[in-house]
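Trainee:
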Amino acid sequence: MVQDGHHVSVMPREVLEYLNPQPGQCFLDGTLGLAGHSVLIANEIGSTGHLIGIDQDQRALEKAQERLSSFKGRLDLCHGNFSDFDEVIKRLAVSKVDGMLFDLGISSFQLDDLERGFSFKSNGPLDMRMDQSTSLTAKDLVNRLAENELADLIFKYGEERLSRRIARSIIQYRQQKSFETVQELEHVIFNSVPISYRRQKIHPATRTFQALRIAVNKELDVLQTMLGKFDQYLKPGGRIAVISFHSLEDRLVKEKFRELSRLGVIEINSKKPLRPGEDEVKINSRSRSARLRVAERISCS
Ligand SMILES: C[S@@+](CC[C@H](N)C(=O)[O-])C[C@H]1O[C@@H](n2cnc3c(N)ncnc32)[C@H](O)[C@@H]1O
1053 MVQDGHHVSV
1063 MPREVLEYLN
1073 PQPGQCFLDG
1083 TLGLAGHSVL
1093 IANEIGSTGH
1103 LIGIDQDQRA
1113 LEKAQERLSS
1123 FKGRLDLCHG
1133 NFSDFDEVIK
1143 RLAVSKVDGM
1153 LFDLGISSFQ
1163 LDDLERGFSF
1173 KSNGPLDMRM
1183 DQSTSLTAKD
1193 LVNRLAENEL
1203 ADLIFKYGEE
1213 RLSRRIARSI
1223 IQYRQQKSFE
1233 TVQELEHVIF
1243 NSVPISYRRQ
1253 KIHPATRTFQ
1263 ALRIAVNKEL
1273 DVLQTMLGKF
1283 DQYLKPGGRI
1293 AVISFHSLED
1303 RLVKEKFREL
1313 SRLGVIEINS
1323 KKPLRPGEDE
1333 VKINSRSRSA
1343 RLRVAERISC
1353 S
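To convert, note that position 296 of the sequence shown is 1348 in the working numbering; the numbers rise steadily by one, no gaps.
#1: Could you check whether the Cβ of F1134 sits closer than 6 Å to any heavy atom belonging to ligand 1?
#2: Please classify S1090 as buried or exposed, where buried requires at least 16 other C-beta atoms within 10 Å of its C-beta.
#3: Tell me the DSSP bridge mates of L1103?
#4: Under the rule that 16 or more other beta-carbon atoms within 10 Å means buried, what is I1206, buried or exposed?
#5: Just to confirm, is the Cβ distance from K1287 to K1173 under 7 Å?
#6: I'd like to confirm something about A1112: is its beta-carbon nearer than 6 Å to some heavy atom of ligand 1, or not?
#7: Confirm the yes/no value for this check: CB of M1182, any heavy atom of ligand 1, distance under 6 Å.
#8: DSSP puts R1349 in a beta bridge; with which residues?
#9: So, does the region 1206–1221 touch the region 1244–1262, judging by three or more C-beta pairs under 8 Å?
#10: Quick check: is any heavy atom of ligand 1 less than 6 Å from the C-beta of T1083?
#11: Can G1355 be considered in contact with ligand 1, in the sense that its beta carbon sits closer than 6 Å to one or more heavy atoms?
#12: Could you have a look at M1063 and say whether DSSP puts it in helix, strand or coil?
#13: For L1300, which of K1323, V1274, Q1284 has the nearest alpha-carbon?
#14: Would L1188 pass as an interface residue toward chain D - the criterion being a Cβ-Cβ separation below 7 Å?
#15: Between M1053 and N1072, what straight-line distance do the alpha-carbon atoms span, to the nearest angstrom?
#16: Shorter than 6 Å, the distance from the beta carbon of D1283 to the closest heavy atom of ligand 1, or not?
#17: Enumerate in chain order the residues of its own chain whose CB-to-CB distance from V1060 is below 8 Å, with the five nearest sequence positions on each side excluded.
#18: Mind checking Q1252: buried by the 16 CB within 10 Å criterion, or exposed?
#19: Please state whether DSSP places T1186 in a helix, a strand or coil.
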């Protein structure tokens, strides 16, 4: 188990096995987080290796820097979005890498920081930005979008079947006062759904919060941008591993991998997504919904 503070890296054994980092290789971690996976990769590529880490959260980068302080190889940690990973590696005079990892979504470190507004268990501000240098927050969306726009967003990104009802309640609340905190939104959602819905396994606000987070961070757009170009930056035999946590992300990865495989650009190493074992789920409940897909570059264009 790889753990730092509260964040436990997901499927570390499988990531290492499939990415198979070797001494002297160059790896890109596009979602560095607290560097749990990166530390494992660094151990394998060793003092002749090159590790490039990207995160859009400045605080995560600072923590990752500490965790990687004993790495003797070349280390480049960059603040930015993985959708721009090609610009980052070009700046570092790297043309192609031996492996790439994208462990999507937020880390427990971000979820547990009540000021960030990711968890409906907090009473922090409705923020949800992974990159705090950007301006759009969840508060802006819930206070500004029209009812039908909100309903569509909650339906599309949250796959929430009660999206219209929830959007209507948000608008009604907004007529009295603007939303400021996570708890205001959580209460409005909770009170807008039928009692049977409140008794379900997941909290009735879960899907709406997922939708807002995806929209604030443009998570599907940036994933699509990365998927549209990663193959050009992998050496032949180099591998990409993507861990996703909901079906919208996983579908994009699956479809892109299939398309590139049909074109003879990559070979898919995981016909079905790899899932965490029961033991891992017991220790780390966050891993429950994880799906890992891996592909290998097979030809050069
Ligand atoms: C699930 S955590 C990664 C955890 C890491 N693999 C570990 O083992 O510690 C995801 C991290 O990726 C970052 N992130 C998510 N989407 C990103 C994006 N589009 N560009 C850059 N960083 C991103 C988040 O800020 C967060 O720190």
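All residues carry an ideal CB built from backbone N, CA and C; glycine is no exception. These numbers come from a predicted model, not from an experiment.
Mentor: Let me spell this out:
#1: yes
#2: buried
#3: F1079, L1127
#4: buried
#5: Going by C-beta atoms, K1287 is not nearer than 7 Å to K1173.
#6: Yes.
#7: yes
#8: Partner(s): I1318.
#9: yes
#10: Yes; taking the cut-off as 6 Å, the Cβ of T1083 has a heavy atom of ligand 1 nearer than that.
#11: An answer regarding residue 1355 cannot be provided, because it is not within the stretch 1053 to 1353 covered by the chain.
#12: coil
#13: Sorting K1323, V1274, Q1284 by C-alpha distance to the C-alpha of L1300 places V1274 at the top.
#14: In the displayed structure, chain D is absent; only one protein chain is listed.
#15: Here the model assigns M1053 a pLDDT of 40, short of 50, so the residue's position is not dependable, and the following value carries that caveat. Rounded to the nearest angstrom, the two C-alpha atoms are 18 Å apart.
#16: no
#17: M1053, V1054, G1088, S1160, I1335, N1336, R1338, S1339
#18: exposed
#19: coil
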